[in-house]
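Trainee:
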Amino acid sequence: MTESSKRSRQVTFVRFALAVALAGTAGIAWMSFDLGIWDQSGPGPGFLPFVEAIGLGLIVLAGLPAYRASSDLLLMPANVTSILGQAAVVAAFAILMPYFGFVAAAWGIVIATAWLNGERNWLAMLLLGGGCAFGIQYLFAMLGTTL
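Going by the UniProt record's numbering, the sequence shown opens with residue 1, and the numbers climb by one from there.
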């Protein structure tokens, strides 16, 4: 396989991935809009997912011209492995949270994310995970919101 055909396949893959991401964010925005963005008392249950979907969609749209102008944005196998690892961590968080509670699951996701990003100091990861998990728990308690 020649270098130009490899690049062509990567370009096709990235364009497909961006199209899927854009369609996914549009679908999430549509579903969250159906949940209700606003009601009499303030933001509804679909407000935050709607804002996040619109933000992610704008990021994808902003990445299109940058991708065309630069070959540095090609996905390499190491990047794909890292992305899949992070997706697995988020899925594990969603699965473990009902069984272990928010603090333990959040602690684990922060440690796993730090490890995936190259951190190998276990004391630092434990402190970071605990600080994030308890800090978010405290913030939600101060706001009067349940997790």
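Beta carbons: idealized from backbone N, C-alpha and C, even for Gly.
Since VAL103 contacts ALA133 with CB under 8 angstroms, what's their CB separation in whole angstroms?
Mentor: 5 angstroms
Trainee: My assumption, with CB atoms under 8 angstroms, is that ILE37 sits in contact with GLY44. Please give the rounded CB distance.
Mentor: 5 angstroms
Trainee: At what residue ranges does the UniProt domain "DUF1468" (18 to 142) contain a whole run of the alpha helix (DSSP H), taking only runs of 4 or more?
Mentor: 47 to 69, 77 to 100, 102 to 116
Trainee: Would you mind working out which of LEU116, ASP39, PRO98 sits nearest ALA87, comparing C-alpha positions?
Mentor: LEU116
Trainee: Please classify THR12: does DSSP put it in a helix, a strand, or coil?
Mentor: helix
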